[in-house]
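See structure below.
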Amino acid sequence: MAYPPAPPPPPTSGAGSPPPNHLAWAIATTILCCLPAGVVSIVYAAQVNSKWSAGDQAGALKSSNNAKTWAIVSAVLGVVVGAIYFVIALMGNSGS
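First residue of the sequence shown? That's 1 in the UniProt record's numbering, and the numbers climb one at a time after it.
Laid out in structure tokens, this is it:
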């Protein structure tokens, strides 16, 4: 009695292309918006390719999503702080 052939093994490292690491966006938001949240974004962005190369596709995808989330947080915080600063500056100038 012949058995059917075994299914091929799951893909290993290097299969396909890694998810986007969002490193450029992480660096830009770190410099232009909010330093602490931007640094967290850079750390996650730096993990994407190394996790993908190690064969950890799920970890690479999670790091990619975290990098994107923290870049958005950094951008939003930068806009909010900038708006608050602008309002305070206007209030200070109107009182003269």
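Every residue, glycine too, gets a C-beta built ideally from N, C-alpha and C.
Residue i vs residue j beta-carbon contact at 8 Å
i: Thr30; j: Ala75; result: no
Residue i: CB within 7 Å of a non-hydrogen atom of the ligand HEM
i: Ser17; result: Only the bare structure without any ligand can be found here, which leaves the ligand HEM out of the picture.
Rounded C-alpha distance that separates residue i from residue j
i: Cys33; j: Ile88; result: 18 Å
i: Ala45; j: Ser64; result: 6 Å
i: Ala24; j: Leu90; result: 33 Å
Other residues of its chain near residue i: CB distance less than 6 Å, five sequence neighbours each side excluded
i: Trp52; result: Pro18 and Ala60
i: Val73; result: Ala37
Neighbourhood of residue i by C-beta distance below 7 Å, restricted to the same chain and skipping five residues each side
i: Leu77; result: Cys33, Cys34 and Ala37
i: Asn49; result: Pro18 and Asn21
Residue i - DSSP class collapsed to helix/strand/coil
i: Tyr85; result: helix
i: Ala46; result: helix
Taking one C-beta from the segment 76 to 85 and one from the segment 43 to 58 each time, how about it: are there three or more such pairs within less than 8 Å? no
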